[in-house]
Amino acid sequence: MKQLVSVLSCCFIWIGVYSQNCTGSLGDNIFINGDFGAGPTNVLMQDPGIAPGFVYNPQVPPFDGEYVITQDIGDWDWYFDWLPIEETSNNSAGYMMVVNASFAPGLFYEQEVNGLCSNTLYEFSADIINVIPPGTNALKPNVSFLLDGQVEFTTGEIQEDGQWHSYGFTFTTGPNQTSVTLSLRNNAPGGIGNDLALDNISFRPCGPEAFILPEDVEFYCQDGAPFLLEATIIGDQYSNPAFQWQISTDQGVTWNDLPGETNATYLHTDFTSGFYYYRFLLANDQGNLSNVNCRVNSNTKIIEVLPNEYFVEDTICVGLSYDTGANSYTEPGVYVDSLISFYGCDSIQTLVLEVIPDPDISAFFDIQDPNCSNENDGSIEIVDIINVTGTFNVSLNGEDYSDQLIWTDLAAGNYEIMIADQYGCFYMDEVNLSEPEALIIDLGPSLTIDLGDAVSINVQSNDSLVTLNWSPLGLVPCANCTDFELSPQESTWLILESLNEAGCLAIDSINIQVETSRKVFIPNVISPNGDGINDVFLIYGSIPNVLGIQSLQVFDRWGGLVYEQENILPNEEASGWNPRNTNHQNLTGTYVYIAEILFFDGIVKRYSGDFTLIP
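If you're matching positions, the sequence shown starts at 1 in this note's numbering and goes up one per residue.
This is the structure:
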């Protein structure tokens, strides 16, 4: 017997919480219905009687202290705010157990198992998921695994992560112990949350690692010699290992003992072409080997015996060739070749080849160019194919798409489409998606203006615009304006985003630089002699650069206030100081003024100085 020796021990593996799992090979699941079986309806109507601390309720959803056996929560008419999950296997009819926690801890699974072997290692495990969606921050399930009423392992809080997790522990039966009671208990209180689903409850014997090496599929020639399969054991738990080789004729679904094959090796002598599935059973002694509850299984070893004669019938399209070995055939006929396979097997291939004329395959397309320049919203659809035989494959630009007939999200460009039928006859064409003319808008060149001046904006475009979005919107007199004037108070970027009827976007902007010049003139001499020239002291300003004069004061040489006005306009004599109206027309000399002037950008500046009054 070939035996590799190492120490087998139970280790802790991180799977969301610490869990004691078997590190060797496992036997068949003693809990035959641990996956809760399968059925034709989404909800199992009959009470399975497996949860002594809970009530079975097939009227979904179950409420606090109830459970149900179901296939898919998402198919319920109402399922609180739980995850719409399915059971864990690939069997769409498979069941899982969904538990709505009670307000007090209770058992939601319990099984008594008899017919065990003493002094034997077993693993008790289950797949569990918190059915509350992530981020809910509700009460979290907490599950204990019990052996004969004693807690052996606890999951801790099972997080809201939307994932199934495997939990479990291993234990060894005592001397003369042949039965155990295994239970699962909810520890957390009921309320909002603390709801879970279970599947794949498993109770299996655990032994050393048992292998038939190598594990990969092995290939042998039909005229090969018998070869030996050897059992490899890693671990020294079994002091008196016993073997039973088995074979499966249905790809590993069911297994049958090979009579008399109880050694550590098995000699394969059957070289009829086909697949052979082997494994061996392993137990600590012959008595345990006969008990399905006490033995473990090796990996499945697959052997393929390759035939040495092949008969091939094939049909190709005219102009193509059938290549086999070093030969290439283009004409119809019967051909016999001696070949050596990839695995070195000698074989004879008889080829019956038929060659058919080109059927002149044709295709018709519905082509949608992209709506906008540089967009990927074009499409190509094959709406009809004629003269194609049997199944066909379609490729786009050399990439195989099987029988796909429509492609979307395409940019403009040339696309090569090939359609090949089951005989290799093919059709090839190049389809062009045209690039639409790009939408262009133009606001004109950037400008520099003086404060208060107006600038004309005229939107130029190569297409009709259906949507205009201006930024900043407050500068523009109306949302859909295309021809207008504006007078910005400060330098700014004016931006326009526009869409045409096809939904294409164009963006343009114009930079308007505002020179903050203050166009004010204040005279330094007046002569109130009535000749109409410089008779009045007033503030001159360019409108709208100057919006108004908030206040104007004039003082004589001794500091006396001789004139004061508020909120007056520039350039108007009626808003200025006329000395003739105040008996100062002959009081020549120097006068002082103070003026506060409001400008177009909202700035108020104070001006002061003096002027001379002359006759």
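All C-beta atoms in this analysis are idealised placements derived from N, C-alpha and C, irrespective of residue type, glycine included.
As the structure is a prediction and not an experimental result, all values here were calculated from the model.
Could you check the C-alpha separation between residue 491 and residue 450 for me, to the nearest Å?
-> As a working note, residue 491 is residue 491 in the sequence shown. As a working note, residue 450 is residue 450 in the sequence shown. CA-to-CA, the gap between residue 491 and residue 450 works out to about 10 Å.
CB residue 442 to CB residue 508, shorter than 8 Å?
-> Along the sequence shown, read from residue 1 onward, the residue named residue 442 stands at position 442. Along the sequence shown, read from residue 1 onward, the residue named residue 508 stands at position 508. A contact, by the Cβ cut-off of 8 Å.
Secondary structure at residue 574, three-state DSSP: helix, strand or coil?
-> Taking the sequence shown and counting its residues from 1, the one referred to as residue 574 is at position 574. In the three-state scheme derived from DSSP, where H, G and I count as helix and E and B as strand, residue 574 is classed as helix.
Hey, could you find the ends of the alpha helix (DSSP H) residue 289 is sitting in?
-> What you label residue 289 is simply residue 289 of the sequence shown in a count that begins at 1. Per DSSP, residue 289 is one residue of the alpha helix (DSSP H) stretching across 286-289.
Taking only runs of the beta strand (DSSP E) that begin and end inside the region 310-370, which ones reach a length of at least 3 residues, in chain order?
-> Counting only runs of 3 or more, we get 322-324, 327-329, 333-340, 346-356, 362-368.
Cutoff 7 Å; reference residue 400; Cβ partners in own chain excluding five residues on either side = Numbered from its first residue, the sequence shown carries residue 400 at position 400. Only 393 meet the Cβ criterion.
Please determine if the region 324-336 and the region 238-256 are in contact, where contact requires at least 3 C-beta pairs separated by less than 8 Å.
-> No: fewer than three Cβ pairs fall under 8 Å.
What are the boundary residues of the beta strand (DSSP E) that residue 458 is part of?
-> The residue labelled residue 458 in the question sits at position 458 within the sequence shown. Annotation: the continuous beta strand (DSSP E) that includes residue 458 extends over 455-458.
State the Cα-Cα distance for the pair residue 624 and residue 437, rounded to the nearest angstrom.
-> Outside the shown range of the chain, which is 1 to 615, sits residue 624, and nothing can be said about it.
To which residues of the same chain is residue 133 closer than 8 Å at the C-beta, ignoring the five residues directly before and after it?
-> If you number the sequence shown from 1, residue 133 lands on position 133. 81, 82, 83, 160, 162.
For the region 490-575, list the beta strand (DSSP E) runs that are entirely contained and at least 3 residues long, ordered along the chain.
-> Correct list: 492-499, 505-515, 546-555, 561-568.
Using the rule of at least 16 other Cβ atoms within 10 Å of the residue's Cβ for burial, across every protein chain shown, is residue 20 buried or exposed?
-> Numbered from its first residue, the sequence shown carries residue 20 at position 20. Buried, by the Cβ-count rule.
8 Å Cβ cutoff met for residue 314 and residue 339 = Position 314 of the sequence shown, counted from the start, is the residue given in the question as residue 314. Position 339 of the sequence shown, counted from the start, is the residue given in the question as residue 339. Cβ atoms of residue 314 and residue 339: not closer than 8 Å.
Alpha carbon of residue 398 to alpha carbon of residue 256, nearest angstrom | Residue 398 sits at position 398 when you count from the first residue of the sequence shown. Residue 256 sits at position 256 when you count from the first residue of the sequence shown. Roughly 49 Å between the two C-alpha positions.
What residues in its chain sit with their C-beta under 7 Å from that of residue 76, if we drop five residues either side in the sequence?
-> Sequence index remark: in the sequence shown, residue 76 carries index 76 (1-based). Hits under 7 Å: 60, 61.
Contact check, residue 280 vs residue 251, beta carbons under 8 Å | Locating residue 280 in the sequence shown gives position 280, counting from the first residue. Locating residue 251 in the sequence shown gives position 251, counting from the first residue. Residue 280 places its beta carbon 8 Å or farther from that of residue 251.
Residue closest to residue 551, alpha-carbon to alpha-carbon, out of 223, 517, 602, 607 | To locate residue 551, count along the sequence shown from 1; it is residue 551. Ranking 223, 517, 602, 607 by Cα distance to residue 551 puts 607 first.
In whole angstroms, what separates the C-alpha of residue 477 from that of residue 484?
-> Against the sequence shown, residue 477 aligns to sequence position 477. Against the sequence shown, residue 484 aligns to sequence position 484. Taking the straight line from one Cα to the other gives about 8 Å.
Within 10 angstroms of its Cβ, does residue 14 collect 16 or more other Cβ (buried), or is it exposed?
-> Within the sequence shown, residue 14 is the residue found at index 14, counting from 1. Note on residue 14: pLDDT 30, under 50, position unreliable in the model; no value is reported.
Go through its chain and collect everything with a Cβ distance to residue 536's Cβ below 6 Å, but skip five positions before and after it.
-> Position 536 of the sequence shown holds residue 536. Counting only Cβ-Cβ distances below 6 Å, and skipping sequence neighbours, we find 573, 576, 578.
In terms of residues, what are the limits of the beta strand (DSSP E) holding residue 584?
-> In the sequence shown, counting from the first residue as 1, residue 584 sits at position 584. Note, residue 584: premise wrong, no beta strand (DSSP E); not H, not E.
Is it true that the CB of residue 426 sits closer than 8 Å to the CB of residue 361?
-> Along the sequence shown, one-based indexing puts residue 361 at 361. Along the sequence shown, one-based indexing puts residue 426 at 426. Taking 8 Å as the Cβ cut-off, residue 361 and residue 426 qualify as a contacting pair.
Residue 274 (DSSP reduced to helix, strand or coil) = Taking the first residue of the sequence shown as 1, we reach residue 274 at position 274. When secondary structure is reduced to three states using DSSP, residue 274 falls in the strand class.
Cβ-based burial, residue 343 [other Cβ within 10 Å; buried from 16] = Residue 343 sits at position 343 when you count from the first residue of the sequence shown. Taking all protein chains shown into account, residue 343 has fewer than 16 neighbouring C-beta atoms within 10 Å of its C-beta and is therefore exposed.
Alpha-carbon to alpha-carbon, residue 102 and residue 74 = For this step, residue 74 is matched to residue 74 along the sequence shown. For this step, residue 102 is matched to residue 102 along the sequence shown. Answer to the nearest angstrom: the Cα atoms are 22 Å apart.
Touching by the beta-carbon criterion (3+ pairs, under 8 Å), the region 218-230 and the region 120-136 = No, because fewer than three Cβ pairs between the region 218-230 and the region 120-136 fall closer than 8 Å, the two stretches do not touch.
In or out: residue 533 buried (at least 16 other Cβ within 10 Å) or exposed?
-> Here residue 533 is taken as the residue at index 533 of the sequence shown, counted from 1. Using a 10 angstroms sphere on the CB of residue 533, the tally of other CB atoms stays under 16, which defines it as exposed.
Distance, residue 396 Cα to residue 416 Cα | Counted from its first residue, the sequence shown places residue 416 at position 416. Counted from its first residue, the sequence shown places residue 396 at position 396. So the alpha carbons of these two residues sit roughly 6 Å apart.
Could you name the residues of the same chain whose beta carbon sits closer than 7 Å to that of residue 285, not counting the 5 residues immediately before and after it, in chain order?
-> As a working mapping, residue 285 is identified with position 285 in the sequence shown. Once the five neighbours on either side are set aside, the close Cβ partners of residue 285 are 240, 242.
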